[in-house]
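Residue 80 in my numbering sits at position 69 of the sequence shown, and the numbers go up by one each step.
First the structure, in the form of structure tokens, and then the observations on it.
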Amino acid sequence: MTKTNTEWSIYLVRTRLDTLYCGITNDLSRRFLMHQTGKGAKYLRGKGPLTLEWSHQVDSKSLALRYEYRIKKMTKASKEALVNQTGSLPILCD
Numbered sequence: 012m013t014k015t016n017t018e019w020s021i022y023l024v025r026t027r028l029d030t031l032y033c034g035i036t037n038d039l040s041r042r043f044l045m046h047q048t049g050k051g052a053k054y055l056r057g058k059g060p061l062t063l064e065w066s067h068q069v070d071s072k073s074l075a076l077r078y079e080y081r082i083k084k085m086t087k088a089s090k091e092a093l094v095n096q097t098g099s100l101p102i103l104c105d
């Protein structure tokens, strides 16, 4: 059995209420379309229009889950700083 290396994305979606939702996926365009059509996370239903504000690819689901956990614990100001930065994820490093 061949093991495939699937890239995972961590992403932030902004709602019309200016909140930031964090999630992970292995297909960002498909997942964002699901959110836009009301078939994604319950949190985002009825809060459109939605915009994809930030995303970052990682090599494994476990790493994506760790980053998602850390981002969800961040303050709104810290999430905004993450959206506004470019490059890697130094804001999430231990």
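Note that CB positions come from ideal geometry on N, CA and C, so glycine has one too.
Since this is a predicted model, take the numbers as computed values, not measurements.
- Measure the alpha-carbon distance for Leu63 versus Tyr78 and round it to whole angstroms. As a first step, residue 63 must be located in the sequence shown, where it is residue number 52. As a first step, residue 78 must be located in the sequence shown, where it is residue number 67. In a straight line, the C-alpha of Leu63 is about 17 angstroms away from that of Tyr78.
- Below 8 angstroms between beta carbons: does that hold for Tyr22 and Ser66? Translated into the one-based positions of the sequence shown, residue 22 becomes position 11. Translated into the one-based positions of the sequence shown, residue 66 becomes position 55. Taking 8 angstroms as the cut-off, the Cβ atoms of Tyr22 and Ser66 count as close.
- Message: Just verifying my parser: in three-state terms, what is the DSSP assignment at Ser66?
- Response: In the sequence shown, counting from the first residue as 1, residue 66 sits at position 55. Under the three-state reduction of DSSP output, Ser66 falls in the strand class.
- Query: With distances taken between CB atoms, is the gap from Gly59 to Gln47 smaller than 8 angstroms?
  - Reply: In the sequence shown, residue 59 corresponds to position 48, counting from 1. In the sequence shown, residue 47 corresponds to position 36, counting from 1. Yes, Cβ-Cβ distance for Gly59 and Gln47 is below 8 angstroms.
- DSSP state of Ser71, grouped into three classes? Numbered from its first residue, the sequence shown carries residue 71 at position 60. In the structure shown, Ser71 sits in coil (DSSP, three-state: anything other than H, G, I, E or B).
- 3-residue-minimum beta strand (DSSP E) runs that sit fully inside the region 28-59, ordered along the chain: You should have 31-36.
- Query: Straight-line CA distance for Ser40 to Ser20?
  - Reply: For the purposes of this step, residue 40 is identified with residue 29 of the sequence shown, where counting begins at 1. For the purposes of this step, residue 20 is identified with residue 9 of the sequence shown, where counting begins at 1. Here the alpha carbon of Ser40 sits roughly 10 angstroms from the alpha carbon of Ser20.
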